[in-house]
Each structure stands twice: as structure tokens, then as C-alpha cells.
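One structure is given below, encoded as C-alpha cells.
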């Protein structure tokens, strides 16, 4: 007689055949479907537990983080604090990024490490360059201009009551606000020795005769005081004064049936446009309106108005030099700089030259303690690599790293440039006089990195 155990075995056998028929399509299979999968999964879990336990035991026996920071040529940056180190002879030396790059050389690489990895490593003295730069941006972040060279904001500027300032203010930030001066406007400035200049069309024109200011309606009291060094950055145009006419005052040719002295002024208005003449020894010479205004302001007699017949009958001079000797200033407007600071916006014009444009900016008082050389505002969050122009005719051209604080550091040699990763940055031509005005830091070289006193 069958027992209950026999019934259970029969039931299990039947369920196995049904399972095999459903899964494998064969009810006569001799193996339970999925047994191998289940067995493999169980063994895998056991092996994983053993591996994790092994790593745990190893970590307990050999504590500590990564030791890869011991590799040569690394600049170490602690993840948690941003502190920089170099690893030398089993000791960590605190340092800054430029000094670390110079110490490790051109092959240096920056590596992030955890504080745990550096725990227990002996600390040494700080390495660096006294008064050297504390940071250096990525090569892609370097600026190439433009920059501002501003006449100092002196008391009374724009009213003619301030003394001529000796220096200037330099702003190396390309994003500094400014407003270009249109070419049809004149800016009147007063330079050294109370000499007046007109700034227009990107050039400076020295006024050598007050008749020019009278002719243009320029009040001397409104001249903006500037230094000679600031003016020198604009190319010079011709001096502004009434033209010199040879034999002025002597008897000249007859015009319109009358005799006039040489130097007499004439005007002819055949239509909307006027013609202007000055009498020379050989006849009437045409002149520009600007020349005519300057000469009329100096002349003691009124210009003579000619009819068309008088012009046709008068002898004409072959001289046409007074048509283009001076720029066209007759219709230019005088710019009011009240409340503004006068600046030059400079940028590289070629590999060795710099161009300047007159702009004005909101006034920015110089900080206390500025020197006569002026003040400098660096390229915020960036830096520049510059060389002075005009460059020396022979020998190597000195290269300077200008920090975000506006301090210029001489890069001693190609090895230093390669170590600082700036050998791929295109140097910017920079006026030598402005370069001399920047505060100078120590030279940057691999040999200059040494132990420095902290604090």
C-alpha cells in the first residue's frame, strides 16, 4: 500500500515533468530546469562576499589613501582645501601654482589628491618666489587687449584749473566701460608748459597760434589737463597755425580791378559751396575752409567778397598746398568732457605696433598711495604676456607676465616660459613707456624658486 511519502514523491515527479515540458518542451528531461542558473548565482554571490571581505581585511591591515602622488613631476592640489604642494625627497612642501610649475619644469602635471592620501606625510618648508605671483590662469584665459590709458582724474579737470598731472592710469581689463569719441569732434587738452592740443581723428595737433582756438570757438578754460607722457601715445599731426605766406604785406597782383597786399583773403560764393583764396605773389591760391578760418582770425582786415567775373579775370597761383595741409576742422564740434575721464583705448595693430583711439570713461579716482607714474588695474581674473615696443634692434626681446594685479614679472628664459605653460600664449606688443609704469615683480625662473618665510 502506498504511503504519504510516495504520494509526495509522485507529486514532485509530476510537477518536474510539467515544469520541464513548459520550459524545455521535453517532459522526459532528467534534470530540473534552472538548477544550473541557481547554482551559478549562489556560487557567484559567495565569491563576491569573499572578495569584498578580502579587500576589507587588506584595508584594515594597510590603511591610507592613494600613493600615486609620490610620482615625480606632479603639482599636488588638495581636493578639500585647494592647497598646493610639491613632493620632494619624501616631504610635502606647501607652495603656489606658479612656483610649483617652475619647480617641476615643463613636464609638470597637476593632480588632485585627497586629504586622506596626504595624511601622515611629513611637511616641509614653503617653496616659492618672494613677492612672486600667487596664481596663473589657463593659457586660454590670457588677454590680448584692448586696454585703457587714462589721463589722471585731477581736481578741476575739464575746467582748466588743475595742474598738469604727471602720470596716467592704466586699466588692462578689456571689458572696462568706455565711449568712443566721434571723428567729427575735437577734444581740447592742455599739456606741459601750458601748450594746447586738439585731439581728433586719432591724432594730436599742437596749437601754436591762439588764432586757431579763436577760429574754432574753443575756450581755453575748458581744456583738459594731461601729461606729456600720455600725449606721446597719440601720433602727432601738423602744428595748427595760420599758414605762412611768403612776402606777406607786399604789393600783390590786381584782383577785381584793385591792388591788394600779398596775404589778403578772398571768398567767392557761386552757389551753395564757397571758395576761399589767399593772394600770393603769382595770384590767387585756393585754400581749405579750415585754413581760411585760421587766417581770417589772425587777419586785421575783412575777407574780400569776389564776383564770378573777378575770379575769372584774376591771375591764379599754381600753389595748392593749402588745400590739404591741415585736417578738416571747420565743422568739428568741441567735446565737453565735464565729469568724464579722458583715455586712450589701445590694442595691437600688428605684431610690433599698437593703435590708439581717444575715448572717455566715467571718472575713477586713483587709490591712495599712487605714485607719480600713475596707477594700474590688472585684467580681472586673467593675465597677459607682453613685450615692449618698439623692441630693441638686436638681442632677445624681454617677455613679461602681467598678473591680474597689474604687476609685471620678467620671464627669464624659455625654460621658465615652458614651465609656466605660457610658451604657447601669443605675446602682445605693449608700449615700453606703459610697461615701465607697471609695478615690477621679481624675475621668474626655475632657479628663483626657493624656501620662503611664511606669514
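Numbering (the working numbering), first residue to last: 20 to 474.
Even for Gly, the Cβ is constructed at its ideal location relative to N, Cα and C.
Exercise. Bridge partners of residue 223, per DSSP?
Worked result: 218 and 255
Problem set entry | First through last residue of the beta strand (DSSP E) which encompasses residue 187 | 187–190
For this session: State buried or exposed for residue 32, treating a residue as buried only when at least 16 other CB atoms are found within 10 Å of its CB.
Result: exposed
For this session: Please name the residue in 260, 419 and 305 whose C-alpha comes closest to that of residue 457.
Result: 419
Exercise. Roughly how many whole angstroms lie between the Cα atoms of residue 302 and residue 336?
Worked result: 5 Å
For this session: Give the secondary structure of residue 56 by DSSP, where H, G and I count as helix, E and B as strand, and everything else as coil.
Result: helix
Problem set entry | Residue burial classification, residue 355 (beta-carbon count within 10 angstroms, cutoff 16) | exposed
Exercise. For residue 74, does the count of other Cβ atoms within 10 angstroms reach 16, so buried, or fall short, so exposed?
Worked result: exposed
For this session: May I have the straight-line CA-CA distance separating residue 276 from residue 317, to the nearest angstrom?
Result: 25 Å
Problem set entry | Opening and closing residue of the alpha helix (DSSP H) in which residue 195 lies | Per DSSP, residue 195 belongs to no alpha helix (DSSP H) and is neither H nor E.
Exercise. If you run the structure through DSSP and keep just helix, strand and coil, what is residue 61?
Worked result: helix
Exercise. Which same chain residues, not among the five before or five after residue 386, have their C-beta less than 7 Å away from its C-beta?
Worked result: With a pLDDT of 46 at residue 386, under the threshold of 50, the modelled position of that residue is not reliable, and no figure is offered here.
Problem set entry | DSSP three-state assignment for residue 177, whether helix, strand or coil | With a pLDDT of 42 at residue 177, under the threshold of 50, the predicted position of this residue should be treated as unreliable, and no value is reported.
Exercise. Per DSSP, which one or two residues make a beta bridge with residue 280?
Worked result: 270
Problem set entry | Per DSSP, cross-strand counterpart(s) of residue 97 | 132
Problem set entry | Span separating the alpha-carbon of residue 210 from that of residue 152 | 37 Å
Exercise. Whose C-beta lies closer than 7 Å to the C-beta of residue 437 among residues of the same chain, with five residues either side of it excluded?
Worked result: 125
Problem set entry | Expected contact under 8 Å - CB spacing of residue 165 and residue 344 to nearest Å | That belief does not hold up - the Cβ atoms of residue 165 and residue 344 are roughly 32 Å apart, past 8 Å.
Exercise. Is the segment 102–110 touching the segment 140–151 in the sense that three or more CB pairs, one from each, lie closer than 8 Å?
Worked result: yes
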